[in-house]
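Visitor: In terms of the working numbering, the sequence shown opens at residue 1 and continues consecutively.
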Amino acid sequence: LRMLKFSASHGLCLRMCLLQPVMCSQVLRVRGQAEDSSLQDRGQWASKAEFLLAVAGQIIGLGNVWRFPYLCYKNGGGVFFVPYMLFLVVCGVPLFLLETALGQFTSLGGVGAWMKICPLFAGLGFASQMMILHSCVYYIVILAWAFFYLCSSFQTRLPWSHCNNTWNTGVIDLSENATSPVIEFWDVDRLGSVNWRLALCLLLVWTVCYFCVWKGVKSTGKVVYVTATFPYLMLLVLLVHGVSLPGAVDGIVYYLKPNHTRLTDPQVWMDAGTQIFFSYGICLGSLTALGSYNKFNNYCYKDCFRLCLLNSSTSFIAGFAIFSVLGFMAQEQGVDIADVVQSGPGLVFIAYPRAVSMMPLPQLWAVCFFLMILMLGLDTQFVSLEALIMSVSDLYPTLIRRCHRREIMLLLVCLVCFLIGLLMVTPGGLYVFQIYDHFSCSGASLLLLSVCQSVAIGWIYNRFSNNIKAMIGYQPLCIFRLCWRYLTPNISVCVQGTFGFSLMFWSPLTLANGVTAPVWATAMGWTLTLSSVSLLPLWAIYSLMNTGKRGEKKILFRFPDTMPLGPPPAG
Numbered sequence: 001l002r003m004l005k006f007s008a009s010h011g012l013c014l015r016m017c018l019l020q021p022v023m024c025s026q027v028l029r030v031r032g033q034a035e036d037s038s039l040q041d042r043g044q045w046a047s048k049a050e051f052l053l054a055v056a057g058q059i060i061g062l063g064n065v066w067r068f069p070y071l072c073y074k075n076g077g078g079v080f081f082v083p084y085m086l087f088l089v090v091c092g093v094p095l096f097l098l099e100t101a102l103g104q105f106t107s108l109g110g111v112g113a114w115m116k117i118c119p120l121f122a123g124l125g126f127a128s129q130m131m132i133l134h135s136c137v138y139y140i141v142i143l144a145w146a147f148f149y150l151c152s153s154f155q156t157r158l159p160w161s162h163c164n165n166t167w168n169t170g171v172i173d174l175s176e177n178a179t180s181p182v183i184e185f186w187d188v189d190r191l192g193s194v195n196w197r198l199a200l201c202l203l204l205v206w207t208v209c210y211f212c213v214w215k216g217v218k219s220t221g222k223v224v225y226v227t228a229t230f231p232y233l234m235l236l237v238l239l240v241h242g243v244s245l246p247g248a249v250d251g252i253v254y255y256l257k258p259n260h261t262r263l264t265d266p267q268v269w270m271d272a273g274t275q276i277f278f279s280y281g282i283c284l285g286s287l288t289a290l291g292s293y294n295k296f297n298n299y300c301y302k303d304c305f306r307l308c309l310l311n312s313s314t315s316f317i318a319g320f321a322i323f324s325v326l327g328f329m330a331q332e333q334g335v336d337i338a339d340v341v342q343s344g345p346g347l348v349f350i351a352y353p354r355a356v357s358m359m360p361l362p363q364l365w366a367v368c369f370f371l372m373i374l375m376l377g378l379d380t381q382f383v384s385l386e387a388l389i390m391s392v393s394d395l396y397p398t399l400i401r402r403c404h405r406r407e408i409m410l411l412l413v414c415l416v417c418f419l420i421g422l423l424m425v426t427p428g429g430l431y432v433f434q435i436y437d438h439f440s441c442s443g444a445s446l447l448l449l450s451v452c453q454s455v456a457i458g459w460i461y462n463r464f465s466n467n468i469k470a471m472i473g474y475q476p477l478c479i480f481r482l483c484w485r486y487l488t489p490n491i492s493v494c495v496q497g498t499f500g501f502s503l504m505f506w507s508p509l510t511l512a513n514g515v516t517a518p519v520w521a522t523a524m525g526w527t528l529t530l531s532s533v534s535l536l537p538l539w540a541i542y543s544l545m546n547t548g549k550r551g552e553k554k555i556l557f558r559f560p561d562t563m564p565l566g567p568p569p570a571g
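Shown next as C-alpha cells:
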C-alpha cells in the first residue's frame with residue numbers, strides 16, 4: 001500500500017511498472033504475495049544453525065580439498081598466504097557480507113534483490129543464475145565419478161590397485177602414468193559409447209539432489225545437518241591417519257615451504273584472487289538466496305566472519321591431509337613429491353587412489369575419502385540448485401508458487417541438466433567437462449561481476465550500510481564501505497588487467513592427455529562465458545531503451561529514498 005501511495009502521489013513508479021513490467025512488478029508482487037492465500041509460503045530457516053550449515057555446505061566444497069593445497073604448493077608454499085589474505089580481506093569478506101546481507105534485507109533471491117535496489121544492474125542477477133545453471137550441469141558429474149569409485153571401493157581388492165582386470169594392458173609400470181592400473185581404471189570409464197554405469201550414478205546423484213531441494217528450505221535446512229558436518233568427520237579421520245604415515249612430514253614441508261621469489265609472478269596473485277572467489281561462492285547469487293531465508297534482524301554481520309574463518313581454515317587444514325598422503329606415496333615409490341602432486345580430478349581420481357592402494361586396509365581409507373568427496377560436492381550442488389529455483393520463483397511467484405508447480409519446474413531443470421550431463425560420460429566426456437570447467441564460471445567472469453557489484457552498492461545505491469544498521473542495530477566497520485567503493489573494484493580491475501595481459505600470449509586450452517582444444521571447442525567455451533557475462537550490458541541496454549523520461553531513468557539507477565525497502569510486511 002505504501003508503494004501504491006508513492007506511485008499515486010508522484011506518478012513515476014506507476015509509469016515505470018507499465019514500461020518495465022519485468023523490473024518493477026516483481027517488487028509489487030512480493031509485497032502483495034501475502035494477500036493471495038493460494039500462494040505457497042516462501043519459507044525461512046527454522047534456526048540459525050540451518051543457515052550457517054547451508055552456507056558452509058555451499059562454500060566449502062571440492063575446491064577446498066583439490067585446488068587450494070595445490071595452489072599453495074605451486075605458488076610458493078607459505079608465501080601464497082600473502083596474496084591470499086589480501087584478497088580475503090579486501091574482496092572476500094566484504095563481498096560475502098554484501099551478498100548475504102542483501103538477500104536478508106530484501107527477502108529476495110539473486111535476481112529480485114538487484115531489481116529491487118538497483119534495477120539497471122539487475123543483469124548481475126541474471127548473469128549469476130546463468131553461471132549456477134552451467135555449474136549444475138558439470139559439477140555433479142564429479143559426484144557421479146566419486147559415487148562410482150565409492151561403490152568400487154567395497155570390492156575385496158581395489159580395482160585400480162592391480163592389472164588383472166579385463167581392461168588392463170597387462171603391463172604395470174608405476175613410473176609411467178599411461179600404463180599404471182589407476183590410470184587405466186580412470187580411462188576405462190571413457191571407452192565406447194555412453195558408460196551406463198556412470199550414467200546410472202549420475203541419475204542417482206540427481207535424484208538425491210532433487211529430493212534435497214524438493215520442499216525448498218524446509219528440506220534443505222534438514223539435509224545440511226548431515227552433508228555439511230559429515231565431511232569434517234572424514235577429514236579429521238584422514239588427517240590423523242595421514243600425518244601418521246611414513247614420509248608425511250616431507251609432504252607437509254613441501255606444502256608450506258616458502259619461496260619468496262614467487263611473489264613477483266602476476267599469476268600467483270591471479271590464482272589467489274580467483275581462489276577466493278571460487279571458494280567463497282561470491283558473485284554466484286547463492287549467498288543472496290540463502291540470506292533471503294533469514295529473519296530480518298538476523299545478526300548476519302557476525303555470521304559473515306564466522307563462515308569466512310571456517311572456510312579458509314578448512315582449506316588450510318585440508319592441505320595437511322592431502323600432502324601428508326602425497327609425501328607417503330612419494331616415499332613408497334622413491335620419487336620426488338613434485339612427480340606425484342596433481343590438482344583437480346587428477347588428485348581425487350588418480351593420485352589419492354594410488355596412494356590409498358599402498359596403505360594397509362585400503363578399502364577403509366578409500367571409502368572414507370570418497371564419502372568425504374561425495375558429501376563435499378553434494379551440498380554445494382543442491383544448495384546452488386535451491387538458489388536457482390528460488391530466484392526464478394521470486395520473479396514469478398504467482399505463476400510458480402501454486403500447487404506443485406515449483407516441484408515440476410525443479411524436475412524439469414534436473415532432467416535437462418541430467419541429459420546434458422550425459423555428454424560427459426561418453427568417450428569425449430572428459431574433454432567436454434574440462435571446457436565447461438574452464439569457461440562457464442571462469443575467474444575473469446567472477447571478477448567482472450565483483451566490480452559491477454561494488455560499483456552498484458558503493459557508488460550508485462550508496463546506502464547499504466544504513467540498511468545493515470536497520471537489521472543489526474549499527475553500521476558495519478568503515479573498512480567495508482571503503483572496500484565497496486574503492487579497494488574491491490580497483491583490485492579486481494588490476495587482476496583483470498593481468499588476465500587481459502595474459503590474453504596477449506593466449507594459446508588454446510590443453511585438455512586431458514595433452515590434447516589441444518580444437519577451434520570448435522574453444523568457440524563453445526567462449527559461448528558459455530558470454531552466455532552469462534553478456535547479460536550485464538544486454539539488460540542495461542534493454543532497460544534504458546524501454547525507459548523514456550529522465551525521472552524514470554533515474555529510478556533505473558536507484559530507487560528513491562522514499563521507496564519502502566526491507567522485509568515484506570507480516571500477515
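Using N, Cα and C, we set each Cβ at its ideal position, and we do this for glycine too.
Bear in mind that the values here come from a model prediction, so they are computed numbers and not experimental data.
1) Considering only C-alpha positions, which residue in the set T288, I322, C308 is nearest to V243?
2) What does a CB cutoff of less than 7 Å around C368 pick up in its chain, not counting 5 residues either side in sequence?
3) Which class does L522 belong to by DSSP, given the choice of helix, strand or coil?
4) Sort H438, I472, N467 by Cα distance to Y138 and report the nearest one.
5) Within 10 Å of its beta-carbon, does A523 have 16 or more other beta-carbons around it, so buried, or fewer, so exposed?
6) What does the alpha-carbon distance come out to for the pair P246 and F328?
7) Quick one: any contact between the region 450-462 and the region 114-123, if contact means 3 or more CB pairs under 8 Å?
8) What does DSSP give as the partner residue(s) for T510 in the beta ladder?
9) Run the CB neighbour count on F305, radius 10 Å, all protein chains shown included, and call it buried at 16 or more, exposed below.
10) Using three-state DSSP, classify N490 as helix, strand or coil.
11) Once you ignore the five residues that flank L108 on each side, which residues in its own chain have a CB closer than 7 Å to its CB?
12) Run through DSSP, which three-state label would A228 get?
13) How would you call N75, buried or exposed, if buried means at least 16 neighbouring beta carbons within 10 angstroms?
14) Tell me whether H134 is buried or exposed, calling it buried when 16 or more other Cβ atoms sit within 10 Å of its Cβ.
15) Figure out for me which residue from A517, C136, L71 has the closest Cα to the Cα of E572.
16) Which one of R481, L538, W160 has the shortest CA to CA distance from V124?
17) Could you give the C-beta distance for A54 and T220, rounded to a whole number, given that I count them as a contact under 8 Å?
18) Helix, strand or coil: which one does DSSP assign to K116?
19) Roughly how many whole angstroms lie between the Cα atoms of S384 and W206?
20) Using a Cβ-based criterion (distance less than 7 Å to any ligand heavy atom), does L371 qualify as near the ligand ADP?
21) With DSSP collapsed to three states, give me the class of G458.
22) In terms of alpha-carbon separation, which member of H404, L378, S357 lies closest to R157?
23) Taking the Cβ atom as the reference point for each residue, do I132 and G285 lie within a distance shorter than 8 Å?
24) Roughly how many angstroms lie between the CA atoms of C163 and E184, to the nearest whole one?
25) What residue ranges within the region 322-384 form continuous alpha helix (DSSP H) runs of no fewer than 4 residues, ordered along the chain?
26) Would you kindly check if the distance between the Cβ of Q496 and the Cβ of L449 is under 8 Å?
27) For D265 and W196, I'd like the C-alpha separation in whole angstroms.
28) Would you give the residue range spanned by the alpha helix (DSSP H) that C483 belongs to?
29) Starting from the C-beta of Q155, find all residues in its chain whose C-beta is less than 8 Å away, skip the five residues before and the five after it, and write them out in chain order.
30) Could you give the uninterrupted runs of the alpha helix (DSSP H) lying entirely in the region 388-451, keeping only those of 4 residues or more?
31) Taking the alpha carbon of N294 as the reference point, which residue from I59, T106, V89, L86 has its own alpha carbon closest?
32) Exposed or buried, A338, counting other C-beta atoms within 10 Å across all chains shown (16 or more means buried)?
33) What residue range does the alpha helix (DSSP H) around F154 cover?
34) Ends of the alpha helix (DSSP H) at T100?
35) With a 10 Å radius around its C-beta and 16 neighbouring C-beta atoms as the bar for buried, classify R42 as buried or exposed.
36) Does the count of Cβ pairs from the region 482-495 and the region 80-94 closer than 8 Å reach three?
Guide: The structure says:
1) I322
2) M234, V237, L238
3) Reading off the sequence shown, one finds Thr at residue 522, where the question assumed Leu. Three-state DSSP puts T522 in a helix.
4) The option with the nearest alpha carbon to Y138 is H438.
5) exposed
6) 6 Å
7) yes
8) Answer is T516.
9) exposed
10) N490 falls in the helix class under three-state DSSP.
11) V30, K116, S292, D394
12) coil
13) With 16 or more Cβ atoms within 10 Å of its Cβ, N75 is classed as buried.
14) Per the 10 Å Cβ criterion, buried.
15) Residue 572 is absent from the model: the chain starts at 1 and stops at 571.
16) In the sequence as presented, Val is not what sits at residue 124; that position holds Leu. Checked all of R481, L538, W160; the closest Cα to L124 is L538.
17) 6 Å
18) DSSP, reduced to helix, strand and coil, places K116 within a helical segment of the structure shown.
19) 13 Å
20) As far as ligands go, the structure on display features none, and thus does not contain the ligand ADP.
21) helix
22) S357
23) yes
24) 9 Å
25) 352-356
26) Their beta carbons are not under 8 Å apart, which means L449 does not touch Q496 by this criterion.
27) 45 Å
28) No alpha helix (DSSP H) contains C483, which DSSP labels as neither H nor E.
29) Q363
30) Listed in chain order, the alpha helix (DSSP H) runs fully inside the region 388-451 are 397-400, 405-421, 429-439, counting runs of at least 4 residues.
31) T106
32) exposed
33) Looking at the DSSP string, F154 is not in any alpha helix (DSSP H), and its letter there is neither H nor E.
34) 93-106
35) R42 counts as buried, since no fewer than 16 other beta carbons sit within 10 angstroms of its beta carbon.
36) Enough Cβ pairs lie closer than 8 Å, so yes.
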